[in-house]
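Okay, so here's the structure we're looking at.
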Amino acid sequence: MTSVAPKHRRKSVAVHIGSVTVGGDAPVVVQSMTNTDTADALRTAIQVAELARAGSEMVRITVNTEEAAAAVPEIRERVEAMGLDVPLIGDFHFNGHKLLTKHPACAEALAKYRINPGNVGRGKKRDEQFAQMIEFACRYDKPVRIGVNWGSLDQDLLARLLDENAQQSQPKALEEITHDALLESALSSARRAEELGLEHDRIILSCKLSGVQDLIRAYRDLAALCDYPLHLGLTEAGMGTKGIVASTAALSVLLDEGIGDTIRISLTPEPGGQRTQEVLVGQEILQSLGMRSFTPRVIACPGCGRTSSDYFQHLASEIQEFLVAQMPVWRATHPGVEDMSVAVMGCVVNGPGESRNANIGISLPGSGETPVAPVYVDGEKTVTLKGDTIAAEFKALVKQYVQEHYTSPEHNAAPGTISAL
Ligand code: SF4
Numbered sequence: 001m002t003s004v005a006p007k008h009r010r011k012s013v014a015v016h017i018g019s020v021t022v023g024g025d026a027p028v029v030v031q032s033m034t035n036t037d038t039a040d041a042l043r044t045a046i047q048v049a050e051l052a053r054a055g056s057e058m059v060r061i062t063v064n065t066e067e068a069a070a071a072v073p074e075i076r077e078r079v080e081a082m083g084l085d086v087p088l089i090g091d092f093h094f095n096g097h098k099l100l101t102k103h104p105a106c107a108e109a110l111a112k113y114r115i116n117p118g119n120v121g122r123g124k125k126r127d128e129q130f131a132q133m134i135e136f137a138c139r140y141d142k143p144v145r146i147g148v149n150w151g152s153l154d155q156d157l158l159a160r161l162l163d164e165n166a167q168q169s170q171p172k173a174l175e176e177i178t179h180d181a182l183l184e185s186a187l188s189s190a191r192r193a194e195e196l197g198l199e200h201d202r203i204i205l206s207c208k209l210s211g212v213q214d215l216i217r218a219y220r221d222l223a224a225l226c227d228y229p230l231h232l233g234l235t236e237a238g239m240g241t242k243g244i245v246a247s248t249a250a251l252s253v254l255l256d257e258g259i260g261d262t263i264r265i266s267l268t269p270e271p272g273g274q275r276t277q278e279v280l281v282g283q284e285i286l287q288s289l290g291m292r293s294f295t296p297r298v299i300a301c302p303g304c305g306r307t308s309s310d311y312f313q314h315l316a317s318e319i320q321e322f323l324v325a326q327m328p329v330w331r332a333t334h335p336g337v338e339d340m341s342v343a344v345m346g347c348v349v350n351g352p353g354e355s356r357n358a359n360i361g362i363s364l365p366g367s368g369e370t371p372v373a374p375v376y377v378d379g380e381k382t383v384t385l386k387g388d389t390i391a392a393e394f395k396a397l398v399k400q401y402v403q404e405h406y407t408s409p410e411h412n413a414a415p416g417t418i419s420a421l
């Protein structure tokens with residue numbers, strides 16, 4: 001899979017999570033989370049597999065009950081039986097120390113534990129239970145994510161910082177103290193984990209908020225204060241366009257500054273929607289920033305008054321779906337194909353230009369133009385399609401291009417020619 005380091009990637013230590021590396025020189029990793037009941041091992045394994053096949057490189061599952069903890073080894077086995085090697089991350093809150101004590105097979109089957117310092121207990125119990133979680137990580141040789149969340153901020157810590165602030169001659173605003181508390185919670189928990197014996201390169205940090213600008217500020221500051229890999233995500237991003245845009249706005253700024261080593265897009269699925277959408281959005285963000293490639297890029301114009309029908313919209317969508325559907329196989333059989341660009345354009349104004357610049361492109365006829373569709377391959381016009389079979393013929397040409405150009409690891413070999421249909 002292609003990856004391009006951002007211009008100024010922040011230096012972080014590499015943390016190994018099963019077969020996946022987060023931080024160091026590794027490409028930014030896309031991860032996701034299931035929303036099934038973990039106690040239902042079959043349904044959870046199926047969703048893990050769907051997410052992994054969509055491109056999620058790690059999958060988090062909630063481990064909230066005895067039944068859920070007991071199901072984790074079976075989920076692991078089922079996922080492996082489907083031929084998938086995707087690290088499973090256990091999301092623990094409140095009772096993680098108890099569940100890991102009672103379910104050693106769960107502790108073993110997980111590749112990483114997520115610990116929320118705000119949700120491991122209050123007062124003295126907090127320290128004891130946090131220490132227990134870290135002891136499990138050491139015993140089973142697992143990395144952890146210390147995941148601080150605005151909605152579950154350590155209230156003892158916040159109260160202490162507020163008290164200290166009140167003593168100052170010029171007290172800071174509440175938002176400032178909350179910001180400080182988020183960072184302090186993450187960093188002091190990481191320090192404590194190391195004091196308890198966890199290696200420095202077994203820790204990932206996150207500091208999630210639901211406000212875009214608050215999130216950017218928190219991660220910029222966190223990035224400057226440590227070299228732990230950072231897990232980025234806008235928490236409670238929301239549904240549909242709002243969730244996608246807010247996540248993209250926040251993460252793009254940080255990623256472009258070289259901040260962030262793994263991302264999760266916390267979208268609320270639309271009723272009946274696919275959980276895999278969060279994976280595709282994460283991939284799109286990285287691909288749009290030129291950091292990684294996952295699926296061939298379809299360049300399609302928006303259409304305008306020059307398009308006499310919505311045919312080209314259908315074709316663009318058909319080609320996009322075709323490419324996405326091929327990727328699970330092509331990823332293995334045609335390495336490098338994720339870098340390919342395919343243009344589907346609506347008329348002669350920008351059609352030939354964009355099509356020439358793509359690996360393969362088609363320029364459909366706009367209103368008043370001759371009803372023919374020239375196809376361009378590596379900048380050269382090769383064939384002109386017409387009639388009712390344009391879509392099928394163009395798809396066949398795309399397939400042929402892939403077979404001729406991406407059949408070996410050296411996918412940048414000199415372009416071949418394709419025969420006209
Ligand atoms: S390429 Fe043609 S149809 Fe597409 S937006 Fe531009 S002018 Fe309109």
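Using the UniProt record's numbering, read the sequence shown as starting at 1 and increasing by one per residue.
Ideal Cβ placement from N, Cα and C applies to all residues, glycine included.
- Item | For residue 458: DSSP bridge partner residues | Residue 458 cannot be examined here, being either before or after the span of the chain that is shown, 1 to 421.
- Message: Just to confirm the assignment: which complete alpha helix (DSSP H) runs, minimum length 4, are found wholly within the region 200-230?
- Response: Here the runs fully enclosed are 212-225.
- Whether Ser247 touches Leu230 by CB criterion (9 Å): Residue mapping note: residue 247 aligns to position 247 of the sequence shown, counting from 1. Residue mapping note: residue 230 aligns to position 230 of the sequence shown, counting from 1. Contact flag unset, no.
- Which ranges would you report for the alpha helix (DSSP H) in the region 324-401 if only whole runs of at least 4 residues count? You should have 351-357.
- Message: When you compare the CB positions of Pro87 and Val63, do they come within less than 9 Å of one another, or not?
- Response: The sequence position of residue 87 within the sequence shown is 87, counting from 1. The sequence position of residue 63 within the sequence shown is 63, counting from 1. In terms of Cβ geometry, Pro87 and Val63 do not form a close pair [threshold 9 Å].
- Query: If you draw a straight line from the alpha carbon of Leu110 to that of Ile362, how long is it in whole angstroms?
  - Reply: Counting from one through the sequence shown, the residue named residue 110 turns up at place 110. Counting from one through the sequence shown, the residue named residue 362 turns up at place 362. Each residue's Cα considered, the two are about 47 Å apart.
- How would you call Ala173, buried or exposed, if buried means at least 16 neighbouring beta carbons within 10 angstroms? Taking the sequence shown and counting its residues from 1, the one referred to as residue 173 is at position 173. Exposed.
- Inspect the CB distances between the region 62-77 and the region 286-299 and report whether three or more fall short of 8 Å. Taking a cut-off of 8 Å for Cβ pairs, the region 62-77 and the region 286-299 do not touch, as fewer than three such pairs fall below it.
- Whole-Å CB distance - Arg10 paired with Ile259, under 8 Å assumed: Mapped onto the sequence shown, residue 10 falls at position 10. Mapped onto the sequence shown, residue 259 falls at position 259. Yes, they are in contact, since the Cβ atoms of Arg10 and Ile259 sit about 5 Å apart, within 8 Å.
- Counting pairs of Cβ atoms below 8 Å between the region 223-239 and the region 159-169, do you hit three or more? The region 223-239 makes no contact with the region 159-169: fewer than 3 CB pairs, one atom from each, lie closer than 8 Å.
- Message: With a threshold of 7 Å on Cβ separation, who are the neighbours of Ala218 within its own chain once the five nearest residues in sequence on each side are excluded?
- Response: Here residue 218 refers to the residue found at position 218 of the sequence shown. These residues qualify, in order along the chain: His179, Leu182, Leu183, Cys207 and Leu209.
- Task: Ignore the nearest five residues each way along the sequence and tell me which others in Gly238's own chain have a CB closer than 7 Å to its CB.
- Result: Against the sequence shown, residue 238 aligns to sequence position 238. A distance below 7 Å between beta-carbons, with the five flanking residues on each side excluded, links Gly238 to the following residues of its chain, in chain order: Ala246 and Thr268.
- Item | Heavy atom of the ligand SF4 within 8 Å of Val349 beta-carbon | Taking the sequence shown and counting its residues from 1, one reaches residue 349 at position 349. Answer for Val349: yes, Cβ within range of the ligand SF4.
- Gly375 to Thr34 span [Cα, whole Å]: For the purposes of this step, residue 375 is identified with residue 375 of the sequence shown, where counting begins at 1. For the purposes of this step, residue 34 is identified with residue 34 of the sequence shown, where counting begins at 1. Gly is not the amino acid found at residue 375; the sequence shown has Val there. When rounded, the distance between both Cα atoms is 42 Å.
- Message: Spatial neighbours of Thr194 within its chain, please: C-beta separation below 8 Å, excluding the five flanking residues on both sides.
- Response: The count along the sequence shown starts at 1 and reaches residue 194 at position 194. A quick correction: the sequence has Glu, not Thr, at residue 194. Cβ neighbours of Glu194 within its own chain (closer than 8 Å, five residues either side excluded): His200 and Ile203.
- Message: Quick check: Gly346 and Phe312, are their CB atoms within less than 9 Å of each other?
- Response: If you number the sequence shown from 1, residue 346 lands on position 346. If you number the sequence shown from 1, residue 312 lands on position 312. Yes, Cβ-Cβ distance for Gly346 and Phe312 is below 9 Å.
- Item | Straight-line Cα distance separating Leu385 from Ala414 | Here residue 414 refers to the residue found at position 414 of the sequence shown. Here residue 385 refers to the residue found at position 385 of the sequence shown. Low confidence applies here, because Ala414 scores a pLDDT of 42, under 50, leaving its location unreliable and the question unanswered by this model.
- For Arg306, is the beta carbon positioned less than 8 Å from some heavy atom of the ligand SF4? Within the sequence shown, the letter at position 306 stands for residue 306. Yes, Cβ of Arg306 sits closer than 8 Å to a heavy atom of the ligand SF4.
- Task: Could you tell me if His405 is buried or exposed, where buried requires 16 or more neighbouring beta carbons within 10 angstroms of its beta carbon?
- Result: Here residue 405 is taken as the residue at index 405 of the sequence shown, counted from 1. The residue is buried, with at least 16 neighbouring Cβ atoms inside 10 Å.
- Message: In the DSSP assignment, the beta strand (DSSP E) including Ile134 goes from what residue to what residue?
- Response: For the purposes of this step, residue 134 is taken as residue 134 along the sequence shown, with counting starting at 1. Careful: Ile134 lies outside any beta strand (DSSP E), inside the alpha helix (DSSP H) at Gly123 to Arg139.
- Task: Indicate the three-state DSSP secondary structure (helix, strand or coil) for Lys102 in the structure shown.
- Result: Taking the sequence shown and counting its residues from 1, the one referred to as residue 102 is at position 102. Of the three classes helix, strand and coil, the one that applies to Lys102 here is helix, per DSSP.
- How close, in whole Å, do the beta carbons of Ile263 and Lys112 come, if the pair is a contact with beta carbons under 8 Å? Numbered from its first residue, the sequence shown carries residue 263 at position 263. Numbered from its first residue, the sequence shown carries residue 112 at position 112. At roughly 15 Å, the Cβ-Cβ gap does not stay under 8 Å, so Ile263 and Lys112 are not in contact.
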